[in-house]
Each structure stands twice: as C-alpha cells, then as structure tokens.
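For the sequence shown, full-length UniProt numbering gives the first residue as 1, with consecutive numbering after it.
Glycine residues also receive a C-beta, built at the ideal position from the N, C-alpha and C atoms.
Remember, it's a predicted structure, so these values are computed and weren't measured experimentally.
Everything on this sheet refers to the single structure shown next.
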Amino acid sequence: MKKYDVTGIGNALVDIEFKVTDQFFTDNGVEKGLMTLVDEDRQNHLMGAINHKEAKKQAGGSAANSVVAVSQFGGKSFYCFRVANDELGQFYMKDLNDSGVDIALTADSLENGVTGKCLVMVTEDSERTMNTYLGITQNFSIKDIHDSAIKDSKYLFIEGYLITSENGKAAMKHAKKLAEENDVKVALTFSDPAMVKYFREPFDEVIGASVDLLFANEEEAMLFTGKSTLAEAREEMKKVAKHFVITMGKNGAMIFDGDTFIDIEPYKTTAIDSNGAGDMFAGAFLYGITNGHSYASSGKLASMASSKIVSQFGPRLKWHEAKEILARLNP
1 MKKYDVTGIG
11 NALVDIEFKV
21 TDQFFTDNGV
31 EKGLMTLVDE
41 DRQNHLMGAI
51 NHKEAKKQAG
61 GSAANSVVAV
71 SQFGGKSFYC
81 FRVANDELGQ
91 FYMKDLNDSG
101 VDIALTADSL
111 ENGVTGKCLV
121 MVTEDSERTM
131 NTYLGITQNF
141 SIKDIHDSAI
151 KDSKYLFIEG
161 YLITSENGKA
171 AMKHAKKLAE
181 ENDVKVALTF
191 SDPAMVKYFR
201 EPFDEVIGAS
211 VDLLFANEEE
221 AMLFTGKSTL
231 AEAREEMKKV
241 AKHFVITMGK
251 NGAMIFDGDT
261 FIDIEPYKTT
271 AIDSNGAGDM
281 FAGAFLYGIT
291 NGHSYASSGK
301 LASMASSKIV
311 SQFGPRLKWH
321 EAKEILARLN
331 P
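Structure (structure tokens):
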C-alpha cells in the first residue's frame, strides 16, 4: 500500500492575486494573457503599483495547486519544492501544511535568498496575466527531490514550468526515472503554452518514450504536436502518452483512457477568474484515478471542480466546497 496518492514536483511561488483593468497593463507595460518571467526589480515595480489591501496571498505554483486539490478531496499528497529563509518562505510552508500536504522542508533547513512570487493579475473578462519572479525556486534541482516520497506514491506529478532551467530539467528526468524504476506512474502537465512553444526539445528529453498521463490544453496540444486541428493533435499525442487529458475551457475536456476517447461535458458557470482552473482539473482528476474512480468519473469530478474555480476569485476551493462536489459526484 502506497503512502501517497500523488507526489508533485514544481516551482514554489507565493501567488499574490489582484484585480486590474486593461489600463493597468498599458500604464505598466504588461503583456496581457501571458505568463512572463521578470527580474526582482521589475516585480518590485509592479508590486508598488497594486492595491495590496485587495490582494490575496497563498502558496502556489502549478503543481502545488494540484497537490493541494488532491488533499482537499481527501487524498494524500506530498510536494517537493524550494523556498528561502524569509517571511514568504515560512508562509509557504505553513500554508501547504495547513492544506494537508506533506513536505520535508523545515525552518532550520531553509537557505538564505528570496522566495519566488507570482503576481496574478485578473481582468474583468476573467483572463489571468502573470508576472513571475522565480527567486530561489529557479535553483530547484535533483537535491530537492525526495526519493522516498516518490517511491511511496501511486503517481509522480511533474510541473512543466521546471523545464526552463537545466537544473530543473535534470530534476524532472531524475524524478521520472526514479518513478519508473519503482512502479510509480508518471503524470506531466505542460503548464503553459509558452513552455511548449519555447522548450519543445527539452520536453522531448523529459518525456522520453512516453509518460503514463499527460495534461494539456488545446493550444498546448497543437503546439506540441505541430498539428493544426485538435483531431490531428490527439492522434499524435498517443505516441508520447499512454493516457492524456486535453482541457478545452468552456467546451469541457477530452480524455484518452488508453483505448477510447471520452468527452467530458462542461458545467455551466459564470467565469470571473480563470487562474488555477487547469491546476484544479489536474488535481481533481489525479485524486479520482488514485481513489477508485474511472477515467470518465474522474473527468466529471475535475470538470465540476474547475467550473467552480473559475466562478470565484483564486485558484483553490474551500474545504466544504470540495466535499460538496464529491457529494454531487456520488449522490
């Protein structure tokens, strides 16, 4: 019996989320709708321009959001990450612990530096724009991988954002190899279209022959496969993933269970913030398939959860909301 349903590896970023207008982007030279890596001075400039009273702060990062979701639905998760010995680093560890996620870092083990931050700017059309300063998490490496947690997990979940550095890529490859050698399934999320666009060859290195489960949205699937239609892209993805999920926003999702394609219907909602919807879908889906649910049932759970996420401000459910969604799935 494995101790963990999912062990995730990824960037540790304190998400600072706030509402802005399009004029904010014009005034501050921000490109809307993208995740942009920035230096500390640039991020400090933007920090000075926001309304801190209305900003929401919590432990984030793509894979972190997903392992928190696993925990909220009742699963057991572990997270491998790096933060600095500063106020935000202490906040990050406490927030993960409070969310039921196991970690190995302690206050005494933290290094000096600056914990990474992601400014999540949400406009009235519910689109998210992110400016990220990685800080110490850009040094995430093999030594931050906790081998024992991976070996004792049903799934390893790898965040695509790690692909941007050589040390991150090496950590991804090490973790994947370790999982495969210990009968642990491997799931990977591309995380962002920009990662696929600019790091296509490094992704090939990490994926190797295949992964057990791949998460992508429509744009990422077509960028990765080089196809112009989703029908062509999904056939091409069979060559690199034994199973995969393609999320399609308001049109639901498409799952390949290894034999057939399963269409997952969307749930009607009023979108106000898309931040974390893909992370929630992945986390809820991983919870489902590691806790006795079929691919179809797990997709339904993930669709319910992500529709709830986009209807509110922030990338997480409240604990009672997760339980209510599970109750809807199993009336």
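A241, buried or exposed, once every other Cβ within 10 Å from all chains shown has been counted against 16: buried
Spatial distance of A55 from E17 (CA atoms): 5 Å
E220 beta carbon less than 8 Å from that of V196: yes
Supposed close pair D144, R82 - CB separation, criterion 8 Å: 5 Å
Among K154, E232, F199 and A84, nearest to G168 - alpha-carbon criterion: F199
Alpha-carbon to alpha-carbon, D41 and K300: 43 Å
DSSP three-state assignment for L156, whether helix, strand or coil: strand
Reference S274, options N112, E218, V122 and A302, closest by Cα: V122
For D27 and residue 348, the rounded distance between their alpha carbons: Here the chain comprises residues numbered 1 to 331, so residue 348 is not present and cannot be evaluated.
Cutoff 7 Å; reference D152; Cβ partners in own chain excluding five residues on either side: K2, K3 and Y4
Sequence ranges, alpha helix (DSSP H) only - wholly within the segment 115 to 190, length at least 4: 147 to 151 and 166 to 181
Under 8 Å between C-beta atoms of L156 and L46: Not in contact: L156 and L46 (Cβ atoms no closer than 8 Å).
Stretch-stretch touch, CB-based, cutoff 8 Å, three pairs: the segment 55 to 71 with the segment 86 to 98: yes
Beta strand (DSSP E) runs contained entirely in the segment 194 to 233, provided each spans 3 or more residues: 211 to 217
Beta-carbon proximity of M68 to G283, cut-off 8 Å: For the sequence presented, residue 68 should be read as Val rather than Met. Contact: yes.
Beta-carbon gap between I158 and K176 smaller than 8 Å: yes
Rounded C-alpha distance that separates Y295 from M248: 17 Å
Run of the beta strand (DSSP E) containing H52, from where it starts to where it stops: Note, H52: premise wrong, no beta strand (DSSP E); not H, not E.
Q58, DSSP secondary structure in three states: Residue state for Q58 is assigned as strand, using DSSP reduced to three classes.
Proximity of I264 and S303 at Cβ, strictly below 8 Å: Yes, the pair counts as a contact, with Cβ atoms nearer than the cut-off.
For I50, the nearest candidate out of V20, L134 and S77 (CA to CA): V20
Residues sharing a beta bridge with D15, DSSP: Q58 and C118
Where T137 falls, given that 16 or more other Cβ within 10 Å makes a residue buried: buried
8 Å contact criterion, which A171 and S191 should meet: CB distance rounded: So it is not a contact: roughly 15 Å between Cβ atoms.
Pair within 8 Å by beta-carbon distance, A233 and M222: yes
Extent of the continuous alpha helix (DSSP H) to which F244 belongs: Unbroken run through F244 is the beta strand (DSSP E), A241 to T247; no alpha helix (DSSP H).
For G8, the three-state DSSP class (helix, strand or coil): G8: strand per DSSP, three-state reduction.
Exposure label - H243; buried when at least 16 CB within 10 Å: buried
Opening and closing residue of the beta strand (DSSP E) in which L37 lies: M35 to L37
Contact check, Y161 vs N330, beta carbons under 8 Å: no
As assigned by DSSP and simplified to three states, the class of S294: coil
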